[in-house]
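One structure below.
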Amino acid sequence: MFSAFQHGPGFSGPSHAPQSPSTAWAFLAEYAQAIRGCDGEAICQLLRTGDAWSLSNQDLLGAIKTVPEQQFSRNMKQQVKDNALQSLLLTYVTFLRHWTAGVTDQTTFDNTVKVVGVLTTCFSSSERYWLSETVKRWTSYMVRLARQVDYASVNPTKHACVNQAAQLVARLFNMALNDRAPLPESRAVAMFHLVNLNLRIYFWLRTTRLCHSMLSHVNRSGLDLTLFPKSEQVTYRYFAGRSFLFQHRIHDAERELARALAECTLQPSAFRNRRTIFFHLVIARVILGKAPHPALLEKYGYQELFGPVITAIRQGWIWKFEQHCEQIQDALLPTASYLLLRERCQVLLYRNLFRRVFLITRPQVSQKVSFVKLEDMLHAARLSTQDADLDLDDVECLLASMISQGYVRGNINLQRKLVVLSKRDPFPPPHTLNK
C-alpha cells in the first residue's frame, strides 16, 4: 500500500548512534547501561528487528544465538533489576535464536508477536516513554511481517496474523493516547505512528468504518500534528483523506490529501508515494468540479486514466462518462474509488449539461429574465445519455434535485415548461457547495 516516508523534523533521541557490541556479554552490558540511563535510542539500536541485522553484525548475531541461556539469564538478572525489562531482553534473545535471514514464516511472526507483547507490558508504565522508538520500530516490523505471512498462508483472506497484530497495535495506541505527560517525555510520541498503522490495517481489512472512531480519538487528544516527523504527518493526512472519501466528506478529503501531497518530500524515492496521494486527490477534485490540469495528470502518469473522464464531465457527455468508467473499472476497484466516482459525478454531469444548454440558448431569450425550456433540456439529456426513453418528468425530477442541492439556482415553471434561472450565477461552481 503506502510505503514509508523519509523522516523529517520531529522528536528524536541522541544524535550519535551507539557502536555495535562485539560479544553477547558486551551486548548485555550495553543493554543494562541503556536501561539505567533510560536511553531509548540505544535500546532501539540494540533491539533491532530481524530485517535490520546487516552483514557487519553477523558475529554478534552468532554470539547471541549460541550463548548459554542459563548463564546469560543469570548475568542479566545481576545487571538488569526491572523484571519487565529482563523479560523483554530474554524474549528478544529467543526471537534471535529462531530467526533466519530472509525467512518470513509463521514461527518468525509468532516470536515477533511475543517480543511486541512484552514490549507492550513494558510500555504500560508512563515512566518508560523512552521506549517509544523501539515500539515504533517493532510494531512496523510486526505489521509488515503479518501481511507477508497472511499472503503466503493457505487461507489469506482470513487475515489471521494481521488481525492479531492489530490488537497489539490498538493496545499500544490507547497507552499513547491516554498519556497526558507533556511532549517529548510522553508515550504520545509514538501516537501518530500507531494511528497510521491502525489506519493502514483498516484499509487492508476493508474495515474503513473504524477509521472515523480512530480519527475522532486523535482530534480529541489535542496533539499538534506538526510537532511530529514529516513522514508521520503525511501518512496520517493521506489515510485521513481516504477515510473522508469513504464518508463522502469530499471537501475534508481534498483538504487532507492536498496537504499530504504538498508536505510529501520531493526526493525521487518518494515519487511513488506522491503518485499514490495524487490518485485519491484527483478523485476528490473531480467530484468537486476542480479537475487538475492535463500537464499535472501527465506528470504522474494519470492522463490516460482520468483524462477522458474529466473531458466527459466538463462537456456533460453522460454516455461517454459511463463508457470511460467501464474502461478504467479495473484500475479503480482495488481502491474502492469506482462507485464513488461514478455515483458522485452524476449530478455534476447533468449540471454541466444543463449549463451548456443555457449558454447555447441564452442569446435567444429575453435579457430581463433568464430561462431555459424544459424541452431543450430534454433533447440534450436524451443526446447525452443516448436514452430515448427519457421524458419531461425525468428532466423535472433531475432539475428539482439539482435546485435543492444548490447546483442550479432558479425554479421550475411547470405551466410554461420553463426553468427560470437566477440572474446571478445560475450554475455556481460545485466546489463552493456543501462546505
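If you use full-length UniProt numbering, the sequence shown corresponds to residues 1 to 435, in order. Where a beta carbon is used, it is the ideal one built from N, C-alpha and C, also for glycine. Fair warning: this is a prediction, and the values are worked out from it, not measured in the lab.
Which of the three DSSP states, helix, strand or coil, is assigned to residue 67?
coil
The alpha helix (DSSP H) that contains residue 174, what's its start and end?
160-177
Using only CA atoms, which one of 116, 357, 396, 388 lies nearest to residue 427?
357
Between which residues of its own chain and residue 17 is the CB-CB distance below 6 Å, once the five residues before and five after are set aside?
Per-residue confidence for residue 17 stands at a pLDDT of 41, beneath the threshold of 50, marking its modelled position as unreliable; no derived number is given.
Where does residue 418 fall in DSSP's three states?
strand
Quick one: which unbroken alpha helix (DSSP H) runs of 4-plus residues sit fully inside the region 330-370? Chain order, please.
338-344, 346-361
By DSSP, does residue 403 sit in helix, in strand, or in coil?
helix
Give me the residue from 298, 216, 325 with the minimum Cα distance to residue 338.
325
Going by the CB atoms, is the gap between residue 132 and residue 190 shorter than 8 Å?
yes
Are residue 29 and residue 71 close, meaning C-beta to C-beta below 8 Å?
no
Between residue 54 and residue 102, what straight-line distance do the alpha-carbon atoms span, to the nearest angstrom?
12 Å
Using a C-beta cutoff of 8 Å, does residue 205 count as contacting chain D?
Among the chains in the structure shown there is no chain D, since it carries only a single protein chain.
Terminal residues of the continuous beta strand (DSSP E) containing residue 328?
That residue, residue 328, is in no beta strand (DSSP E); it is neither H nor E in DSSP.
Starting from the N-terminal side, write out each stretch of the beta strand (DSSP E) that is 3 residues or longer and does not extend beyond the region 231-288.
none
Got a sec? Which residues, its chain only, sit under 7 Å from residue 252 by beta carbon, not counting five neighbours each side?
244
Going straight from the alpha carbon of residue 429 to that of residue 168, what length do you get?
46 Å
Return the residue from the list 431, 416, 275, 410 that minimises the CA-CA distance to residue 423.
410
Looking at the unbroken beta strand (DSSP E) that takes in residue 411, where does it start and where does it end?
410-413
C-alpha gap between residue 196 and residue 231, whole angstroms:
10 Å
Three-state secondary structure (DSSP) of residue 290:
coil
Cβ contact check for the region 144-159 and the region 171-185: 3 or more pairs under 8 Å:
no
Does the region 312-320 touch the region 292-303, meaning 3 or more C-beta pairs lie closer than 8 Å?
no
Measuring CB atoms only, is the region 131-146 touching the region 111-118, in the sense that at least three cross pairs come out at less than 8 Å?
yes
On the three-pair Cβ rule with 8 Å, is the region 232-240 touching the region 198-215?
yes
Between the CA atoms of residue 226 and residue 193 - distance to the nearest angstrom
13 Å
Cα separation between residue 334 and residue 208?
14 Å
Enclosing alpha helix (DSSP H) for residue 45 [first to last residue]
40-46
I need the straight-line Cα distance from residue 166 to residue 147, nearest angstrom please.
11 Å
Under the rule that 16 or more other beta-carbon atoms within 10 Å means buried, what is residue 416, buried or exposed?
exposed
Go through its chain and collect everything with a Cβ distance to residue 160's Cβ below 8 Å, but skip five positions before and after it.
150, 153
Reference residue 211; option with closest CA among 175, 400, 246
246
Taking the continuous alpha helix (DSSP H) assigned at residue 145, which residues delimit it?
132-152
With a CB to CB cut of under 8 Å and the five nearest residues on each side skipped, what residues in its chain are close to residue 204?
1, 147, 159, 162
Which class does residue 77 belong to by DSSP, given the choice of helix, strand or coil?
helix
In chain order, what residues of the same chain have a beta carbon less than 8 Å from the beta carbon of residue 401, not counting five sequence neighbours either side?
347
Measuring only the C-alpha atoms, how far is residue 256 from residue 387?
39 Å
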